[in-house]
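A.B. asks: Residue numbers -27 to -1, 1 to 161, in mature numbering (1 follows the signal peptide of the UniProt record, and there is no 0), belong to the letters of the sequence shown in order.
Note that the Cβ used here is the ideal one computed from N, Cα and C, for glycine as well.
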Amino acid sequence: MKKTPSARTKSRLATATLFLAALSACAPAPKPKPTPPAPPPIVGSTPGHCSVPADIDIFREKLLAGINAERVKKDLSPLSVSPKLEQIAQQQACDDAVQGIYSHTGLDGSSYADRLKRIGYPTKGAHENTGMGAPAEGNDTVKTIVGFWMLSIYHRNNMLDPKITQAGIGRAHGSNGNDFWVVDFGRP
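Here you go:
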């Protein structure tokens, strides 16, 4: 024989249900998730600590010509200079010079994508090549840099990506005696 709840039990259950409903109505609303802060504005993270070689413009011109020569060999369009990409490439070259290593992480902990976002440049399909070596002048340096990158699948793919249209180049002299260079690739 199945026992059915008494009227008194039903009344207690109804009261408990009403009590719980009243408590939940008084409960504070869930807090919204905090909005992540906007990335900080671009600032030279290495003021006074970065030595930019006097021949930076010549170096940029020759390195871009070397990269474009490899692109033309593969029937790809040559890249044009982006002042925005040049700005973040130079900042990263300086950061690398201060750290004494070549890296894709800035002194402020920024990634390449962070730096692109700061300048309002699209991150989709963007790439960065970094390197370091003994300071040298002229075409030998450019041939060495481009030759090294062409031997690396990752770096070669960055340079020969058919979707990129622009590049920015940075170079800095480090206190450890090496030069540091960065090339940022993208498409606006």
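For the putative contact between Val156 and Ala86, defined by C-beta atoms under 8 Å, what is the C-beta separation to the nearest angstrom?
C.D. replies: Going by Cβ atoms, the distance from Val156 to Ala86 rounds to 16 Å, so no, they are not a contact pair.
A.B. asks: Between Leu58 and Gly150, how many whole angstroms is the CB-CB distance? I'm expecting something under 8 Å.
C.D. replies: The Cβ separation is near 27 Å, so there is no contact.
A.B. asks: How far does the alpha helix (DSSP H) with His128 in it extend, from its first residue to its last?
C.D. replies: That run of the alpha helix (DSSP H) goes 126 to 132.
A.B. asks: Between which residues of its own chain and Leu133 is the CB-CB distance below 8 Å, once the five residues before and five after are set aside?
C.D. replies: Hits under 8 Å: Glu43, Arg44, Lys47, Leu49.
A.B. asks: Since I believe Gly159 is in contact with Tyr75 (beta carbons under 8 Å), could you give me their beta-carbon distance rounded to a whole number of angstroms?
C.D. replies: Their Cβ separation, rounded to whole angstroms, is 19 Å, which puts Tyr75 and Gly159 out of contact at 8 Å.
A.B. asks: What are the boundary residues of the alpha helix (DSSP H) that includes Gly39?
C.D. replies: Its alpha helix (DSSP H) spans residues 29 to 46.
A.B. asks: Using 8 Å for Cβ pairs, my map puts residue 162 next to Thr138. What's the rounded Cβ distance?
C.D. replies: What the structure shows of the chain is the stretch from -27 to 161, and residue 162 is not part of that stretch, so it cannot be assessed.
A.B. asks: By a C-beta neighbour count over all protein chains shown, 10 Å radius and 16 as the cutoff for buried, is Thr96 buried or exposed?
C.D. replies: Its Cβ having fewer than 16 others within 10 Å, Thr96 is exposed.
A.B. asks: Which residues bound the beta strand (DSSP E) around Ala145?
C.D. replies: Unbroken beta strand (DSSP E) run through Ala145: 139 to 146.
A.B. asks: If Gly143 sits next to Gln64, beta carbons under 8 Å apart, how far is it from one beta carbon to the other, in whole angstroms?
C.D. replies: At roughly 7 Å, the Cβ-Cβ gap stays under 8 Å, so Gly143 and Gln64 are in contact.
A.B. asks: Going by DSSP, what residue range makes up the beta strand (DSSP E) through Val155?
C.D. replies: 152 to 159 is the span of the beta strand (DSSP E), which, as asked, contains Val155.
A.B. asks: Using a 10 Å radius around the Cβ and a threshold of 16 neighbouring Cβ atoms, would you call Lys136 buried or exposed?
C.D. replies: Classification of Lys136: exposed, given that the 10 Å Cβ count is below 16.
A.B. asks: Does the separation of the CB atoms of Arg88 and Gly79 fall below 8 Å?
C.D. replies: Cβ atoms of Arg88 and Gly79: closer than 8 Å.
A.B. asks: Alpha carbon to alpha carbon, how far is Pro161 from Ser148? Give it in angstroms, no decimals.
C.D. replies: Taking the straight line from one Cα to the other gives about 34 Å.
A.B. asks: Pick helix, strand or coil for Thr114, following the three-state DSSP scheme.
C.D. replies: Helix, per DSSP.
A.B. asks: Let me make sure I understand the geometry here. Which of Phe121, Asn131, Ile31 has the alpha-carbon closest to that of Glu101?
C.D. replies: Measuring from the Cα of Glu101, the nearest candidate turns out to be Asn131.
A.B. asks: On the DSSP letters alone, give me the boundaries of the alpha helix (DSSP H) that Pro108 sits inside.
C.D. replies: Looking at the DSSP string, Pro108 is not in any alpha helix (DSSP H), and its letter there is neither H nor E.
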